[in-house]
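Please read the structure below before turning to the comments.
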Amino acid sequence: MKSILVQLDTDPQPSVFDRVVAVDAGVDQLFSHGGATPETVESLVHGAIFTRGIPDLSRTAIFVGGSDVAAGEHVFAAVQQAFFGPMRVSVMMDSNGSNTTAAAAVLRARRHVPLAGSVAVVLGATGPVGQRAAELLALEGAHVRVGSRSVERAAETCEAIAGRVDGDLSPVATADPDGVSTALEGASTVIAAGATGVQLISAEMLKAATDLEVAIDLNAVPPLGIEGVEMTDKAVETDGVVRYGAIGVGGTKMKIHTAALKRLFDANDGVLDTEAIYRIGESLEA
Amino acid sequence: MKSILVQLDTDPQPSVFDRVVAVDAGVDQLFSHGGATPETVESLVHGAIFTRGIPDLSRTAIFVGGSDVAAGEHVFAAVQQAFFGPMRVSVMMDSNGSNTTAAAAVLRARRHVPLAGSVAVVLGATGPVGQRAAELLALEGAHVRVGSRSVERAAETCEAIAGRVDGDLSPVATADPDGVSTALEGASTVIAAGATGVQLISAEMLKAATDLEVAIDLNAVPPLGIEGVEMTDKAVETDGVVRYGAIGVGGTKMKIHTAALKRLFDANDGVLDTEAIYRIGESLEA
Amino acid sequence: MKSILVQLDTDPQPSVFDRVVAVDAGVDQLFSHGGATPETVESLVHGAIFTRGIPDLSRTAIFVGGSDVAAGEHVFAAVQQAFFGPMRVSVMMDSNGSNTTAAAAVLRARRHVPLAGSVAVVLGATGPVGQRAAELLALEGAHVRVGSRSVERAAETCEAIAGRVDGDLSPVATADPDGVSTALEGASTVIAAGATGVQLISAEMLKAATDLEVAIDLNAVPPLGIEGVEMTDKAVETDGVVRYGAIGVGGTKMKIHTAALKRLFDANDGVLDTEAIYRIGESLEA
């Protein structure tokens, strides 16, 4: 029986990126639907669960994607609400690559720093990738400083994450260089996940952060958020700091994405959210 | 040469249900088009008939679907009008599962009751599934009572069916319990295909219908139209009446759907409408 | 690794014609996107180039199609602008079959007439197919008469073509029979690519064109542009003139289309425009 992946993308055009990865992960048949909304997915999900018999439902799965992560979260929730008891299929959410990118960044950091008990800073932590990276760092037992230009928004993000994981999270204001420098004091890890084109850490600030061991910049368009990190940097050690750019993290991200797609077909009840995708990435490190 | 099924769906999103069944029926390549209209299908049909040579056209076929049966009928007609003499491909119409569901219900009834000369009642017979079930019962030689809350609409439906098959059809008004009970007098078979959430036959009325041998309720959402029938009932005999719910009929429906899709590729001139699909279902019973 | 063709079609529904040809050309996975615009293709192209590694990019390609050739040209340009250095995939443009049809017509003419130094007339040369046929005739060294009802538009088309190929092109006004007859004086080849339903050359005019050796009419809907040519004519010689209709050229067109699609996967940097597609067709003649 052929494996079927139903791609529910919130953009008008379903992502070619996600389509290529699905094909390369070995999916036999890919049903790509653009313009997915919480309102329209119910009948699509019912089509996925009411055709094949329950023992065969593990051969069908759903992938939620698109550039708008918040929209994807709503579709992800709507998909799960459309299931009927045992009539369900596995579902993965990775809008804008948010889950796989955050997982890859934290797994890469973990290779260089024992995260438990360490201090980790996430800049741009109110965005979808930043928030997920903060969640995973907390999960690993790090003391996570959740950075945003607005300390109120940072605090909201801490609360949101605390609703999902039991961790140590504190909001930090990073509106100006002093705020960022304070946030970096004593930190071993920094992950920059801020908006495109905004430099958050200068070379000078980086040099002053003497406890820093890993600096990861997830921006894919220059100028990057951390001066001195290149997009293609992959575990490049300079001045005692191991550096990663978006492309440097990309290989790990792609492996996680591919592995998670394959995992979808192991059973018919997988829910691949941030943590589940991270655990899949973790299993690849072994 | 790969088999290609062109799915023309009148809904914005092409049905995942129909896509899965097509894959499981062994279609090699499925071209799914949502938002099909009579106006836009001509060039799509031309694309299907003007590429491969005439001897290979049996490897391409068209499936018309979507939740709106009337819209599907218009697309089904437009598809056939776009053919050019021998340049044509086989086409099947099953919007909202209307043809396969009606065929499955009547074939199931036929297992328990010799239909020819018997009295059969269809409740909700003005809807797409009900109308098709009435047509097929007439085709089998039953005296068909075509039920609707409005006797005028029931009469219109009788006329519409009489334009297609030569049978014995009479309109019955089922606006109130007395009307329904009168309709059931002397009937061996009842098929309920009414609107969601409306109970048409109470347990008491069912008990009073002493000639009844089969009761089929095609509603997929409770409360069903016949009290005492469960959605999962499949040939369950209680108080002398064999009962079927929507899921109980579903297996037969799915087999007919799959067989009809396969039959599309036997030749390049099949037109799988209500009766043709019923005949395919009939051949599976042998 | 599976071959992937990303079909970017400017029509709301991606062409079924192009889909069937892609399947029959052996494409493993076809990603069909309707409604493609220059604005929306960038992220789709990025999805195609940023997933597989550079050595594997030759297994992915892009096809630009749709009924509107001008819209297709803009998308074709936008696709190429979205590439990043070596991160690119091969791309073919054949909106409305314009490139493959023009190539087939000129290759067919060439079988019967040595084009270099001969006089060739294109009627309806300001349209997308006519303009491409004129370009290819000029490339072959013919003295090309570029015909249009408006001599100003004909002159604009000559200039446009001269910007791409180094050839001998002259505008001719074909608003009335005298203009057409003058254009045909001394011509060996005529290709009619005018609007549907307009007869440009009467049987009498054709007889008077005593130097004419090949007459090709690309109109697919009668009445055709050249009286006495039938749609199905394929190298039919009558009164000393070899005749082709649209269907007569269709076999060659289809072979070029199929061969070009296969060629897309030879490397990751092919740009299959009018001339490149013609060269592919030429290689099939050998």
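Residue numbers (this note's numbering), protein chains in the order written: chain A, 1 to 286; chain B, 1001 to 1286; chain C, 2001 to 2286.
Positions of the beta carbon are idealized from the N, C-alpha and C atoms, including for glycine.
Next item on the list: Could you name the residues of chain B that A:GLY65 contacts, counting a contact when the two beta carbons are closer than 8 Å?
Entry: Working through the first sequence from its first residue, we reach residue 65 of chain A at position 65. Within 8 Å Cβ-Cβ: nothing; A:GLY65 doesn't reach chain B, min ~15 Å.
Item checked: Short CB-CB distance (under 7 Å) between C:VAL2006 and chain A -> The sequence position of residue 2006 of chain C within the third sequence is 6, counting from 1. Chain A, which has a Cβ nearer than 7 Å to the Cβ of C:VAL2006, makes this yes.
Check: Are B:ALA1070 and B:GLU1042 closer than 7 Å when you measure CB to CB?
Finding: Your numbering for residue 1070 of chain B matches position 70 in the second sequence. Your numbering for residue 1042 of chain B matches position 42 in the second sequence. No, the Cβ-Cβ distance between B:ALA1070 and B:GLU1042 is not below 7 Å.
Checklist line | Backbone CA spacing between B:MET1254 and B:GLU1073 [nearest angstrom] | finding: Locating residue 1254 of chain B in the second sequence gives position 254, where the first residue counts as 1. Locating residue 1073 of chain B in the second sequence gives position 73, where the first residue counts as 1. Distance between the alpha carbons of B:MET1254 and B:GLU1073 is about 21 Å.
Notebook entry, point to check: Can the beta-carbon of C:THR2111 be found less than 7 Å from the beta-carbon of C:THR2252?
Noted result: For the purposes of this step, residue 2111 of chain C is taken as the residue at position 111 of the third sequence. For the purposes of this step, residue 2252 of chain C is taken as the residue at position 252 of the third sequence. Checking the displayed sequence, the identity of residue 2111 of chain C turns out to be Arg instead of Thr. Cβ atoms of C:ARG2111 and C:THR2252: not closer than 7 Å.
Note to self: Please list, in chain order, the residues of the segment 43-59 of chain A that have any C-beta partner in chain B closer than 8 Å.
What the structure shows: SER43, LEU44, VAL45, HIS46, GLY47, ALA48, PHE50, THR51 and ARG52
Check: Closer than 7 Å, CB to CB, is C:GLN2029 near chain B or not?
Finding: On the third sequence, position 29 is the one that residue 2029 of chain C refers to. No, no contact with chain B.
Check: Where do the ends of the alpha helix (DSSP H) carrying B:ALA1235 lie?
Finding: Stepping through the second sequence from its first residue, residue 1235 of chain B is reached at position 235. Run containing B:ALA1235: none in the alpha helix (DSSP H); it sits in the beta strand (DSSP E), 1234-1238.
Check: For B:GLN1029, which residues from the same chain have a beta carbon less than 8 Å from its beta carbon, with the 5 sequence-adjacent residues on both sides left out?
Finding: On the second sequence, position 29 is the one that residue 1029 of chain B refers to. LYS1002, SER1003, ILE1004 and LEU1005.
Check: Are three or more beta carbon pairs between the segment 135-152 of chain A and the segment 268-275 of chain A nearer than 8 Å?
Finding: yes
Notebook entry, point to check: Closest Cβ-Cβ distance between B:SER1098 and chain A: below 7 Å?
Noted result: Locating residue 1098 of chain B in the second sequence gives position 98, where the first residue counts as 1. Taking Cβ atoms only, chain A never reaches closer than 7 Å to B:SER1098, which makes this a no.
Margin query: Could you tell me the alpha carbon to alpha carbon distance between A:GLU230 and A:VAL236, rounded to whole angstroms?
Written below: Here the question's residue 230 of chain A lines up with position 230 in the first sequence. Here the question's residue 236 of chain A lines up with position 236 in the first sequence. Distance between the alpha carbons of A:GLU230 and A:VAL236 is about 9 Å.
Item checked: Cross-chain neighbours of A:VAL16 in chain C, by beta carbon under 7 Å -> Locating residue 16 of chain A in the first sequence gives position 16, where the first residue counts as 1. By Cβ distance, chain C contributes VAL2006, PHE2031, LEU2044, GLY2047 and ALA2048.
Margin query: Less than 7 Å between the beta carbons of B:VAL1075 and B:THR1157, yes or no?
Written below: Taking the first residue of the second sequence as 1, we reach residue 1075 of chain B at position 75. Taking the first residue of the second sequence as 1, we reach residue 1157 of chain B at position 157. No, these two residues do not count as a Cβ contact at 7 Å.
Checklist line | Cutoff 7 Å: C:LYS2002 Cβ touching any chain A Cβ | finding: The residue you call residue 2002 of chain C lines up with position 2 of the third sequence. For C:LYS2002, the answer is yes, since a Cβ of chain A falls inside 7 Å of its Cβ.
Notebook entry, point to check: In this structure, what does DSSP give as the bridge partners for C:SER2003?
Noted result: The count along the third sequence starts at 1 and reaches residue 2003 of chain C at position 3. DSSP lists no partner for C:SER2003.
Notebook entry, point to check: Taking C-beta to C-beta, are B:PHE1063 and C:ARG2019 nearer than 7 Å?
Noted result: Within the second sequence, residue 1063 of chain B is the residue found at index 63, counting from 1. Within the third sequence, residue 2019 of chain C is the residue found at index 19, counting from 1. No, these two residues do not count as a Cβ contact at 7 Å.
Check: With burial defined as no fewer than 16 other Cβ atoms inside 10 Å of the residue's Cβ, what is the status of C:SER2090: buried or exposed?
Finding: For the purposes of this step, residue 2090 of chain C is taken as residue 90 along the third sequence, with counting starting at 1. So C:SER2090 ends up on the buried side.
Item checked: Beta-bridge pairing of C:PHE2063 - partner residues as DSSP gives them -> Position 63 of the third sequence, counted from the first residue, corresponds to residue 2063 of chain C. C:GLN2007 and C:MET2092.
Next item on the list: Taking only beta-carbon positions, decide if B:VAL1249 is within less than 7 Å of chain A.
Entry: What you label residue 1249 of chain B is simply residue 249 of the second sequence in a count that begins at 1. Cβ-Cβ to chain A under 7 Å: no for B:VAL1249.
Next item on the list: Show which residues of chain A have a CB atom less than 7 Å away from the CB atom of C:THR2040.
Entry: Counting from 1 along the third sequence, the entry for residue 2040 of chain C is found at position 40. Under the 7 Å cutoff, chain A gives GLN13.
Notebook entry, point to check: Does the distance from the C-beta atom of B:GLY1147 to that of B:ALA1125 stay below 7 Å?
Noted result: Numbered from its first residue, the second sequence carries residue 1147 of chain B at position 147. Numbered from its first residue, the second sequence carries residue 1125 of chain B at position 125. Taking 7 Å as the Cβ cut-off, B:GLY1147 and B:ALA1125 qualify as a contacting pair.
Note to self: When you compare the CB positions of A:GLY65 and A:ASP94, do they come within less than 7 Å of one another, or not?
What the structure shows: Stepping through the first sequence from its first residue, residue 65 of chain A is reached at position 65. Stepping through the first sequence from its first residue, residue 94 of chain A is reached at position 94. Yes, these two residues count as a Cβ contact at 7 Å.
Check: On the three-state DSSP scale, how would you describe B:MET1087?
Finding: In the second sequence, counting from the first residue as 1, residue 1087 of chain B sits at position 87. B:MET1087 falls in the strand class under three-state DSSP.
Note to self: Distance cutoff 7 Å, beta carbons only. Does C:VAL2020 sit that close to anything in chain B?
What the structure shows: The sequence position of residue 2020 of chain C within the third sequence is 20, counting from 1. For C:VAL2020, the answer is yes, since a Cβ of chain B falls inside 7 Å of its Cβ.
Check: Who does B:ILE1280 pair with in a DSSP beta bridge?
Finding: Locating residue 1280 of chain B in the second sequence gives position 280, where the first residue counts as 1. DSSP output for B:ILE1280 lists no bridge partner at all.
Item checked: Residues near B:ALA1192 in its chain [Cβ-Cβ closer than 6 Å; skip 5 each side] -> Looking up residue 1192 of chain B in the second sequence gives position 192. Counting only Cβ-Cβ distances below 6 Å, and skipping sequence neighbours, we find LEU1123, LEU1200, ASP1217, GLY1225 and ILE1226.
Note to self: I'd like to check one pair, B:PRO1171 with B:ALA1155: are the Cβ atoms closer than 7 Å?
What the structure shows: Within the second sequence, numbered from 1, the residue matching residue 1155 of chain B stands at position 155. Within the second sequence, numbered from 1, the residue matching residue 1171 of chain B stands at position 171. Yes; because the gap between Cβ atoms is below 7 Å, this pair is in contact.
Check: Any C-beta of chain B sitting closer than 7 Å to the C-beta of C:VAL2023?
Finding: Counting from 1 along the third sequence, the entry for residue 2023 of chain C is found at position 23. At least one chain B Cβ lies under 7 Å of C:VAL2023.
Checklist line | Through-space distance from B:VAL1027 to B:VAL1144, alpha-carbon basis | finding: Looking up residue 1144 of chain B in the second sequence gives position 144. Looking up residue 1027 of chain B in the second sequence gives position 27. Linking B:VAL1144 to B:VAL1027 through their CA atoms gives a straight-line distance of about 37 Å.
Checklist line | C:GLY2281 beta carbon less than 7 Å from that of C:ILE2256 | finding: Stepping through the third sequence from its first residue, residue 2256 of chain C is reached at position 256. Stepping through the third sequence from its first residue, residue 2281 of chain C is reached at position 281. In this structure, C:ILE2256 places its C-beta atom within 7 Å of the C-beta atom of C:GLY2281.
Notebook entry, point to check: So who's on the other strand from C:LEU2169, going by DSSP bridges?
Noted result: Your numbering for residue 2169 of chain C matches position 169 in the third sequence. Answer by DSSP bridge pairing, in chain order: C:VAL2144.
Next item on the list: Could you tell me if B:GLU1135 is buried or exposed, where buried requires 16 or more neighbouring beta carbons within 10 angstroms of its beta carbon?
Entry: As a working note, residue 1135 of chain B is residue 135 in the second sequence. Buried, since its Cβ has 16 or more Cβ neighbours within 10 Å.
Note to self: To the nearest angstrom, how far is the alpha carbon of B:VAL1021 from that of B:LEU1008?
What the structure shows: The count along the second sequence starts at 1 and reaches residue 1021 of chain B at position 21. The count along the second sequence starts at 1 and reaches residue 1008 of chain B at position 8. Roughly 15 Å between the two C-alpha positions.
Notebook entry, point to check: A:VAL106 to A:ASP233, Cα distance in whole Å?
Noted result: Here residue 106 of chain A is taken as the residue at index 106 of the first sequence, counted from 1. Here residue 233 of chain A is taken as the residue at index 233 of the first sequence, counted from 1. If you draw a straight line from the Cα of A:VAL106 to the Cα of A:ASP233, it is about 16 Å long.
Next item on the list: Put A:ASP266 into one of helix, strand or coil per three-state DSSP.
Entry: Residue numbering aside, residue 266 of chain A sits at position 266 when the first sequence is read from its first letter. Correct three-state label for A:ASP266: helix.
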